[in-house]
Each structure stands twice: as C-alpha cells, then as structure tokens.
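Asks: Just so you know, the UniProt record's numbering puts 397 at position 397 of the sequence shown, and the rest follows in order with no gaps.
No residue lacks a Cβ here, since even glycine has one placed at the ideal position from N, Cα and C.
One structure is given below, represented as structure tokens, and several questions about it will come after.
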Amino acid sequence: MSSHFQYREGALCVEQVPLADIAAQFGTPCYVYSRAALTDGYRQFSNALQGREHLICYAVKANSNLAILNVFARLGAGFDIVSGGELQRVLAAGGDAGKVVFSGVGKSVAEMRLALDAGILCFNVESAAELERLNEVAGSMGKVAPISLRVNPDVDAKTHPYISTGLKQNKFGVAYTEAVALYRKAATLPHLRITGVDCHIGSQLTETSPFIAAVEKVLALVDALAREGIRLEHIDLGGGLGIRYNDETPPAIADYVAALLGALAGRSEKLVLEPGRVLVGNAGALLTRVEYLKPGEEKNFAIVDAAMNDLMRPALYDAYHNILPVQRENHVSQSYEVVGPICETGDFIGHARELAIAPQSLLAVLSAGAYGMSMSSNYNTRPRAAEVMVDGASVHLVRERETVPQLFAGEKIIS
Ligand SMILES: *Cc1c(COP(=O)(O)O)cnc(C)c1O
C-alpha cells in the first residue's frame, strides 16, 4: 500500500480525504487516485536519473485518464503509446508530441500518419514489414520517420506468461539475431532516420537480473551497429518494473535505475525508460460497496458492486489485490470470496479474504491504479466506474460515471 493510503482513526484515507466521503459524493464503484503518489513515483525516477541525459516515457496503457497524463506531462514526462488513440489522449492532456515513443506490433497507416503529423520522437518498429510500411507512409507525406528497432533480447522475465514479452516465442520485437540485418536495411530506406534501439521484456518484473541481461544484449547490438557505422542517439530499455500487490519484493525504483546505470557505465547515449505500472499501480484504489453477504456451505460470498468489467486482472491473470475495509467496523470477521455481479464464475476480486464487514460496507481494492480502468469493459452492460483524483484535501472528479444511454448510443435497430 502506498503511504498516501492510510487509516486515520479507523477510516481509510487517500492523502487527507476519507474514502467514505468519496463514495458518498460520487458513488461506487469508483477509482480513486492520489496525485502525491503519482508525483512521488515520477520523482523517484527523475532523481535517480539525475546527471544523465534521459527521458521517462510513461506507458499510457497502464492508465490513460487525461488527468493522470496531465500530472506526468507537467512533471516533464514523455509518453510511450501503443495506438493512435493514446497519442490523441496525450495531446489532449497537454503532453509534448516530441517526447512520445510509439510501440506496438500492429501500427496502421492511419496511426503512422497521425504520429508523423504530430512529430513524435520515435517509432519503435517491431518488424521488417512495419519498416517498409513506415518508409512508404513517411515518403508519401514528404517526411522522415525517426525509428528504433524493438529487439527481442530473448531473456526470461520470470513473470506471468501473459505479460512476458521478451522471449523468442513472443510476438513482440524483431529477433535479436536478425536485428543487425534489419538496421542495415533501415539505413537504406530514404524516409527513415535511425535514432535508437528499444526493448521491453515484460511486466511486473520483481528482480533486476532479467533487465540487466537485456541491457547486456542490447549493448552488444549497439556495438555491432557502431562497427558498421550506424550510431544510435538513444537506448530505450522499456518498462516492466513490478510493484508490491501482496508479498512481492520488487527492487525500489532507485535501485532498479542504479542497476541499469551500472550496466550502462561509460555509455553516452540518452537513456529512455517506459515505466507504466510502477508509476500508477499503487497510486490508485477501486472503491466498492458490499451489496449482499451470501453464506454458503463451503464458502461465504461477499457480493460487491465492482466486477471483472471494472477490474479484470484477477479474472485474467489470477492476480492478487489486497482488499481493505474503508471503515474499521465491529462485525464478525469471516473468510469471504469477494465477487462481482457478473454472470461468470471467473468474476472475482479476491479469494478467501478475512474481512469484518456487513451489507453496505465499503471496501477498497488496493493497487488498482495500473491496468484497472484502462482494461475495463462494458460487459453485462455495466457503465464504467467514475474516476476521482485526490490532491491533498481536494477531490476532483476526473471521469464521470458512464450512463447506460451512452453505452448504446451508437447502436441501431434494423427495419
Ligand atoms: C506495457 C508496456 C510498457 C509498460 O509496462 P509496465 O509493466 O506497465 O511498466 C512499456 N513499454 C511497452 C512497449 C509496453 O508494451
């Protein structure tokens, strides 16, 4: 739990605001973010990187709310995007296109045009075919596209298979063994300008060793390219640093950065990082209310008003999120399956949680700032949750709760 989420006299607070007040004002389910926690995380990166030319590109897909992007933009962040839509969000939030890197295996022509028009810092190209397409699109616009190749260093990130991306068998990046040949090819294409190299080996990594193994492979590639006269301006080491959800012990941001800088000793290229989860994960909680308690023969269920459409991580990865009562209350403590109202057995928020609760109790699902709202859906025609940002004693609604008419506004009945 971030230090910005604390109990005060039995009431769980975000910064100076009791979560119960937020539920009363904005209803549930509701995502709540701490501006101070967002700022702290970013500063830990920028302090650790002081004295070295760098760019911290927040990975937008972790949480793309405009208010969050704006907090980071004002701190000087760049952004790692994976779609044209994310680019439009960054621009709408006041982000600088010149600090945007564009990753992803399936960039469309329209997305390439959008990014070239905006003047982004770099395309992280993930295949030979994309290199060709980008060269054509840039040529047709009379522009030159700045590129890195995303190389797949073939290291085991030791994380959940769905979020491991740096192994040979993954769809991401170009094979390490083919990278030099592809850079040679890129150097011959007239509408591309080689600026860097990129890798991103996975998410929720809790050890530094896979990152260091990746750096070493990337540096060997940088040297091989230099021998051919291809000199790079920046090295992008991606994101992936994990957070504590339960009992994980990921390295602190400062230690992770120090390890990277150690491996990069003597190198003068600008360092680009793409942290997502570690900047937002523990800065957010999902606030939910208990609708029913349903005692069972084998298990007791606490049925809450948040569901897998609001927070998909438990259903998708069997992920653990700590669940705390918003108010310490005098009820009998029991073990509950905390589940949502959706018609799927996979719709759970937590298994076997010891909680002292009653119907109408409020719960906070912690560490929900990353890949929570951004992965949410409207399954079961459930409007998406409201989002709130707390800044000291102030509370700001940063996304209104969706309404049902909005959900089917684009649908038509045929005659
Ligand atoms: C998802 C992603 C990130 C961020 O990953 P985190 O684990 O959230 O830090 C960074 N770079 C790329 C290319 C990504 O796809």
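Tell me whether Lys107 counts as near ligand 1, meaning its Cβ is closer than 7 Å to at least one heavy atom of that ligand.
Replies: The residue you call residue 107 lines up with position 107 of the sequence shown. Every heavy atom of ligand 1 is 7 Å or more from the Cβ of Lys107, so no.
Asks: Write down the C-beta distance between Val60 and Leu69 rounded to the nearest angstrom, noting that I regard them as a contact closer than 8 Å.
Replies: Numbered from its first residue, the sequence shown carries residue 60 at position 60. Numbered from its first residue, the sequence shown carries residue 69 at position 69. Yes, they are in contact, since the Cβ atoms of Val60 and Leu69 sit about 7 Å apart, within 8 Å.
Asks: Check this for me: beta carbons of Ser127 and Gly104, under 8 Å apart or not?
Replies: Position 127 of the sequence shown, counted from the start, is the residue given in the question as residue 127. Position 104 of the sequence shown, counted from the start, is the residue given in the question as residue 104. No, the pair does not count as a contact, with Cβ atoms beyond the cut-off.
Asks: Assess, as a yes-or-no matter, whether the segment 373-382 is touched by the segment 244-256 under the definition of 3 or more beta carbon pairs within less than 8 Å.
Replies: Touching, no, given that fewer than three Cβ pairs across the two stretches are closer than 8 Å.
Asks: Counting Cβ pairs, one atom from each stretch, are 3 or more of them under 8 Å apart for the segment 126-145 and the segment 215-235?
Replies: No: fewer than three Cβ pairs fall under 8 Å.
Asks: When you measure from the CB of Arg244 to every non-hydrogen atom of ligand 1, does any distance come out below 7 Å?
Replies: Stepping through the sequence shown from its first residue, residue 244 is reached at position 244. Arg244: no, Cβ never under 7 Å from ligand 1.
Asks: Who does Pro18 pair with in a DSSP beta bridge?
Replies: Working through the sequence shown from its first residue, we reach residue 18 at position 18. Answer is Cys13, bridged to Pro18.
Asks: Less than 8 Å between the CB atoms is what I'm expecting for Leu397 and Phe26, so what's the real figure, rounded?
Replies: In the sequence shown, the residue the question calls residue 397 occupies position 397. In the sequence shown, the residue the question calls residue 26 occupies position 26. At roughly 6 Å, the Cβ-Cβ gap stays under 8 Å, so Leu397 and Phe26 are in contact.
Asks: When burial is assigned at 16 or more other CB atoms within 10 Å of the CB, is Tyr292 buried or exposed?
Replies: Taking the first residue of the sequence shown as position 1, residue 292 is located at position 292. Tyr292 is exposed by the Cβ-count criterion.
Asks: With a 10 Å radius around its C-beta and 16 neighbouring C-beta atoms as the bar for buried, classify Phe172 as buried or exposed.
Replies: Here residue 172 refers to the residue found at position 172 of the sequence shown. That one is buried.
Asks: Are Val151 and Val222 close, meaning C-beta to C-beta below 8 Å?
Replies: The sequence position of residue 151 within the sequence shown is 151, counting from 1. The sequence position of residue 222 within the sequence shown is 222, counting from 1. Cβ atoms of Val151 and Val222: not closer than 8 Å.
Asks: Comparing the CB of Asp247 with every heavy atom of ligand 2, is any distance shorter than 7 Å?
Replies: Although ligand 2 was asked about, the structure shown includes only ligand 1 as ligands.
Asks: So for Met112, helix, strand or coil by DSSP?
Replies: On the sequence shown, position 112 is the one that residue 112 refers to. Correct three-state label for Met112: helix.
Asks: Quickly, what does DSSP pair Gln334 with across the bridge? List them, please.
Replies: Within the sequence shown, residue 334 is the residue found at index 334, counting from 1. Leu355.
Asks: Using only the heavy atoms of ligand 1, determine whether one of them is closer than 7 Å to the beta carbon of Glu274.
Replies: As a working mapping, residue 274 is identified with position 274 in the sequence shown. Under cutoff, so the answer is yes.
Asks: Do the CB positions of Ile201 and Gly238 come within less than 8 Å of each other?
Replies: Locating residue 201 in the sequence shown gives position 201, where the first residue counts as 1. Locating residue 238 in the sequence shown gives position 238, where the first residue counts as 1. Yes; because the gap between Cβ atoms is below 8 Å, this pair is in contact.
Asks: Are the CB atoms of Val215 and Phe45 within a distance shorter than 8 Å?
Replies: Numbered from 1 along the sequence shown, position 45 holds the residue referred to as residue 45. Numbered from 1 along the sequence shown, position 215 holds the residue referred to as residue 215. Cβ distance not < 8 Å, so Phe45 and Val215 don't count as in contact.
Asks: By the DSSP assignment, the beta strand (DSSP E) with Phe5 in it spans what residues?
Replies: Sequence index remark: in the sequence shown, residue 5 carries index 5 (1-based). Counting along the chain, the beta strand (DSSP E) containing Phe5 begins and ends at 5-8.
Asks: Counting only the same chain and skipping the five closest in sequence on each side, list residues whose C-beta sits under 8 Å from that of Gly205.
Replies: Residue mapping note: residue 205 aligns to position 205 of the sequence shown, counting from 1. For the record, residue 205 in the displayed sequence is Leu; it is not Gly. Taken in chain order, the residues that qualify are Ala157, Lys158, Thr159, Phe211, Gly240, Leu241, Gly242, Pro250.
Asks: Please return the same chain residues whose Cβ sits closer than 8 Å to the Cβ of Arg244, not counting the five positions on each side in sequence.
Replies: Here residue 244 corresponds to residue number 244 of the sequence shown, with the count starting at 1. Contacts found: Pro250, Asn282, Ser367.
Asks: Could you pull the start and end residues of the alpha helix (DSSP H) that Thr188 belongs to?
Replies: Along the sequence shown, one-based indexing puts residue 188 at 188. Per DSSP, Thr188 belongs to the alpha helix (DSSP H) from 179-188.
Asks: Do His364 and Leu12 have their C-beta atoms within less than 8 Å of each other?
Replies: The residue you call residue 364 lines up with position 364 of the sequence shown. The residue you call residue 12 lines up with position 12 of the sequence shown. Checking the sequence, you will find Ala at residue 364 rather than His. Yes, they are a contact pair.
Asks: If I follow the unbroken beta strand (DSSP E) through Glu387, where does it start and stop?
Replies: Indexing the sequence shown from 1 puts residue 387 at position 387. Glu387 -> beta strand (DSSP E) spans 386-391.
Asks: For Leu260, which residues from the same chain have a beta carbon less than 7 Å from its beta carbon, with the 5 sequence-adjacent residues on both sides left out?
Replies: Translated into the one-based positions of the sequence shown, residue 260 becomes position 260. The residues are Phe211, Val215, Leu237.
Asks: Okay, do the segment 389-403 and the segment 89-96 touch, 3+ Cβ pairs below 8 Å being the bar?
Replies: Output reads no: the segment 89-96 does not touch the segment 389-403.
Asks: For the beta strand (DSSP E) that contains Arg289, what are its first and last residues?
Replies: What you label residue 289 is simply residue 289 of the sequence shown in a count that begins at 1. Residues 284-294.
Asks: Under a Cβ-count criterion, where at least 16 other Cβ atoms within 10 Å of its own Cβ denotes burial, should Lys412 be classed as buried or exposed?
Replies: Indexing the sequence shown from 1 puts residue 412 at position 412. The residue in question, Lys412, is exposed, as its Cβ has fewer than 16 Cβ neighbours within 10 Å.
Asks: Output the distance between the C-alpha atoms of Ile56 and Leu273, rounded to the nearest integer angstrom.
Replies: Within the sequence shown, the letter at position 56 stands for residue 56. Within the sequence shown, the letter at position 273 stands for residue 273. Between Ile56 and Leu273, the C-alpha separation is close to 5 Å.
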